[in-house]
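A.B. asks: Residue numbers (the numbering used here): 118 to 179.
Cβ coordinates follow ideal geometry from the N, Cα and C atoms, glycine included.
None of these values were measured; they are calculated from a predicted model.
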């Protein structure tokens with residue numbers, strides 16, 4: 118399961134703002150799990166996207 122968090126393809130930096138509590142929890146998750154904030158956020162966003170394809174334009178829905 119922990120291998121699911123590894124980023125296996127090219128990466129790109131993005132800048133986002135999150136609520137302060139989310140940032141604190143993300144930092145706590147990183148410290149406890151030893152999985153980087155980038156890997157945790159990447160996995161969370163991929164899961165969100167897979168469940169919310171209606172936010173995507175039709176040509177990007179896979």
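Assuming residue 149 is part of the alpha helix (DSSP H), what are its boundary residues?
C.D. replies: 137 to 150
A.B. asks: Kindly indicate the opening and closing residues of the alpha helix (DSSP H) around residue 255.
C.D. replies: The displayed coordinates of the chain run from 118 to 179. Any statement about residue 255 would go beyond what the structure contains.
A.B. asks: Assuming residue 162 and residue 147 make a contact with CB atoms under 8 Å, what is their CB distance in whole Å?
C.D. replies: At roughly 16 Å, the Cβ-Cβ gap does not stay under 8 Å, so residue 162 and residue 147 are not in contact.
A.B. asks: Hey, how far is the Cα of residue 137 from the Cα of residue 154?
C.D. replies: 14 Å
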